[in-house]
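Reviewing the structure listed below.
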């Protein structure tokens, strides 16, 4: 394991490795990075000769190595699930869910959250150095899949000596990883919690991703993917991509309740192209804030991985085949107002699990918060996760609440 | 009335007027242009000192000038409702609806469709010459509203000597114009047909428009709005805007049925960023095709006008007030799978009309074609329009079917 030493500055560092070190230095004091020298085979047929995973852990691994929870992050998430984010300074994306006494209780569980490969928070991705060329990968980085992300994380579990996790959990793209993990490694999770996700990315979602990618690639500062070496950032393109995507994370009702047609710091419309409406101001803030913490090429690669996700296709066209003989216990969660991964897609997962007589519970949570509900203060979600975790812990022989 | 003379080329034409003539020359042989020398007051408080409306007509105005139908076009539509489009060569956007023997029967009715002000098919808009400066307007063009568009069209009716139209009809933004027309000019339409529209643009729709505008303005070839003089076209930005918008015009079911996850001319995914999926290829085609026939600044101005549309706000916060004492007969139409202007927004119009005891029928048409259904082959829509038109013609004393 290579610990990051913030601020290290070798003398003979070239531009590219400076960029890499800069990326690493962003990770903050809790950062852990695992380096893997054995090649990672990829679904594309290519391989990563060498790769790193940056990850965070919360809680303590028990002596039996039986209390691990693998948390998988979403498209624009990262390993800062519970720790403050080193760039934005904001609380981790699941800080409400993970912590002492929280539904995923770090007094009892050892939580691991790794930045996916293809990401930009320290794991190997398109902004990393390509060892074959000594240059930043850019578009030379191989196109990856959800399965590739999972394969890398399984390597991390191997290295940490964790044969079976107590739970694998995640929302959105994190949920895709949960499904792939359970399908491909049926003995390695006692229970699984896929939230607001799908087993097969829909054409509408592919379409929204394509718009985002086109927005990034339309930005001349993208430089054909070589913007790091050119000392540029395709800020505008990435911001537009984020703005378009962000709309899909909310429900129409949420937009109504949150903003309506309210004006931003003005009494009347200006008859111009400023952000007259609060919703415009909010989108611009979301778009341009995102650019500071995310890499444009990572956005291309990760959206592509999601587009390619089609678990039934990998199992002869039948999702149930993905879960044949599974012994994992499932809790599938969806949200009524999520139009990106609507409840019917969760129901397809549940139906497939029922078809193989798997142990599955399904909760559709009534909320107007849209897809983003998995990240937000939704009491019924916390209650659902807490209930599932505690019931599973009891069945697994792990400590119950307050016993950690 | 100034008839366009295709190919005219005055000797002392400067760059800007060349651009203007080029725009005019695009209009084709059926083009009519009306020039208005009396200033048009605008909601912004500014005015257009002089403006032109390019329009097409279909059928013949009767002696009593009582058989006119004003058809209002949508955001990316134009006056080529029934005639072939001079640039794309494609059939008019409502060629299925308007024509001899069609639901809006040109054997009996005189159909007028004008390019809105702010548009780019010959009516005065941001790509027109600013008479004050002699330069193309660009962002010096005043921000316009739906009411301004309607005000200009009422001037056209005045000039054509049409005191009252038999019907005012339109879908989407065309429907907004219908509502505004009836509210502001209560004696000038015998009946009204607003389709797939709303009385107040929603925050979600404002958000999507804002993304489109940001995409256009992010393109360096937009040149701060002065791209015509710079000899450039913000193709990529406008294409991205169109792609994002286009997704919203379709339903998820339509995308499923039309494309699913089918691949485009390939057996397997390419592990790259080409358009692997048919839906991606389709979007790119829609995006880049649009650029050839539409002006980027017009896109900014027209989306802004839609965002500003809030008819209740203009009538003391109560939509019903917009229709007090109306004598116009309404047929309000919505589509089950339209998530851009969902049925509940049409119901709000109907409720407001009911509140003032207006003559209104309401049809929600079951279709999976999404918002675009108003432009597509939806037999129930044709039957609805035909039935409404014929019933209204009978009440108005106009010829019935086959009597034209």
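Protein chains in written order, with the working numbering: chain A, 5 to 408; chain B, 5 to 408. All C-beta atoms in this analysis are idealised placements derived from N, C-alpha and C, irrespective of residue type, glycine included. Just so we're clear, the structure is a prediction, and the values are computed from it rather than from any experiment.
{"query": "Under the three-state DSSP convention, the category residue 227 of chain B falls into", "result": "helix"}
{"query": "Nearest-angstrom Cα separation, counted from residue 168 of chain B out to residue 284 of chain B", "result": "46 Å"}
{"query": "Cutoff 8 Å: residue 89 of chain B Cβ touching any chain A Cβ", "result": "no"}
{"query": "Residue 144 of chain B classed as buried or exposed, judged by whether at least 16 other C-beta atoms fall within 10 angstroms", "result": "exposed"}
{"query": "Separation of residue 240 of chain A from residue 3 of chain B, as counted between CA atoms", "result": "With chain B covering 5 to 408 only, the question about residue 3 of chain B has no answer from this structure."}
{"query": "Nearest-angstrom Cβ-Cβ length linking residue 128 of chain B and residue 55 of chain B, presumed shorter than 8 Å", "result": "4 Å"}
{"query": "Min CB distance residue 11 of chain A to chain B below 8 Å", "result": "Bear in mind that a pLDDT of 34 at residue 11 of chain A, under 50, signals an unreliable position, so the number given afterwards is only what the model happens to contain. Not closer than 8 Å to any Cβ of chain B, the Cβ of residue 11 of chain A fails to qualify, so no."}
{"query": "CB contact check: residue 95 of chain B to chain A, cutoff 8 Å", "result": "no"}
{"query": "DSSP beta-bridge partners of residue 292 of chain B", "result": "DSSP output for residue 292 of chain B lists no bridge partner at all."}
{"query": "Of the listed residues A/171, A/375, A/121 and A/229, nearest to residue 156 of chain A (C-alpha basis)", "result": "A/121"}
{"query": "Reduced DSSP category for residue 327 of chain A - H, G, I as helix; E, B as strand; rest coil", "result": "helix"}
{"query": "Where residue 92 of chain B falls, given that 16 or more other Cβ within 10 Å makes a residue buried", "result": "exposed"}
{"query": "Listed by chain order, chain B residues near residue 276 of chain A by CB distance under 7 Å", "result": "147"}
{"query": "Own chain residues within Cβ distance below 6 Å of residue 111 of chain B, not counting five before or after", "result": "104 and 408"}
{"query": "Integer Cβ distance of residue 180 of chain B from residue 310 of chain B, believed to fall under 8 Å", "result": "7 Å"}
{"query": "CB contact check: residue 123 of chain A to chain B, cutoff 8 Å", "result": "no"}
{"query": "Three-state class that DSSP yields for residue 39 of chain A in the structure shown", "result": "strand"}
{"query": "Residues within the stretch 116 to 144 of chain A neighbouring chain B, beta-carbon criterion of under 9 Å", "result": "143"}
{"query": "Alpha carbon of residue 227 of chain A to alpha carbon of residue 141 of chain A, nearest angstrom", "result": "13 Å"}
{"query": "Residues that residue 212 of chain B contacts on chain A, provided the C-beta gap is smaller than 9 Å", "result": "248 and 251"}
{"query": "Near-chain B residues of the stretch 282 to 301 of chain A (beta-carbon distance less than 9 Å), N- to C-terminal order", "result": "282, 283, 284, 286, 287, 288 and 291"}
{"query": "Contact belief for residue 171 of chain B with residue 73 of chain B at Cβ below 8 Å, rounded distance in angstroms", "result": "5 Å"}
{"query": "Sequence ranges, alpha helix (DSSP H) only - wholly within the stretch 163 to 198 of chain A, length at least 4", "result": "177 to 188"}
{"query": "Interface positions of the stretch 308 to 341 of chain A facing chain B (Cβ-Cβ less than 9 Å), listed along the chain", "result": "308, 311, 312, 314 and 317"}
{"query": "Neighbour list for residue 244 of chain B in chain A, Cβ cutoff strictly below 7 Å", "result": "215, 218, 219, 222 and 244"}
{"query": "Residue 375 of chain B at chain A interface by Cβ criterion, 8 Å", "result": "no"}
{"query": "CB contact below 8 Å: residue 44 of chain B versus chain A", "result": "no"}
{"query": "8 Å Cβ cut-off: residues of chain A touching residue 273 of chain B", "result": "312"}
{"query": "Below-8 Å beta-carbon distance, residue 55 of chain B vs any chain A residue", "result": "no"}
{"query": "Under 8 Å between C-beta atoms of residue 386 of chain A and residue 356 of chain A", "result": "no"}
{"query": "Spatial distance of residue 161 of chain B from residue 375 of chain B (CA atoms)", "result": "29 Å"}
{"query": "CA nearest to the CA of residue 352 of chain B, picked from B/202, B/297, B/382 and B/221", "result": "B/202"}
{"query": "Sequence-distant residues of its chain with Cβ nearer than 8 Å to residue 135 of chain B (five each side left out)", "result": "53 and 54"}
{"query": "Through-space distance from residue 299 of chain B to residue 324 of chain B, alpha-carbon basis", "result": "36 Å"}
{"query": "Backbone secondary structure at residue 453 of chain B - three-state DSSP", "result": "In this structure chain B extends from 5 to 408, so residue 453 of chain B is not present and cannot be described."}
{"query": "Buried versus exposed call for residue 381 of chain B [16 or more other C-beta atoms within 10 Å across all chains shown]", "result": "exposed"}
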